[in-house]
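*Asks:* Per the numbering used here, the sequence shown starts with residue 7, numbered consecutively. Before I ask anything, let me first share the structure, which is written out below as structure tokens.
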Amino acid sequence: MLHFATKLRAGDALHLAIALNNGAKILYTLDDGLLHAAKLMSVYASRGIKT
């Protein structure tokens, strides 16, 4: 994980790393910081809520 500016907490960084490592097609989260970091890492992430 080379993006130190994401300010992720350890648990969130671990979730993102696991998604990256396992080729997850989508990562669902309600966390704005994790959504932003996923975008920086080119991981498709969504809140999973349709409004």
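Glycine included, every Cβ here is placed at the ideal spot set by N, Cα and C. In this text the structure is predicted, and so the values were computed from the model without any measurement.
(1) In whole angstroms, what is the alpha-carbon distance linking N28 and L20?
(2) Cα-Cα, which of K56, G39 and K31 is closest to V49?
(3) Quick check: the Cα distance between S52 and D38, rounded to an integer number of angstroms?
(4) Assign L41 to one of three DSSP states: helix, strand, or coil.
(5) How big is the Cα-Cα spacing for A23 and L41?
*Replies:* In terms of the structure at hand:
(1) 12 Å
(2) K31
(3) 10 Å
(4) helix
(5) 13 Å
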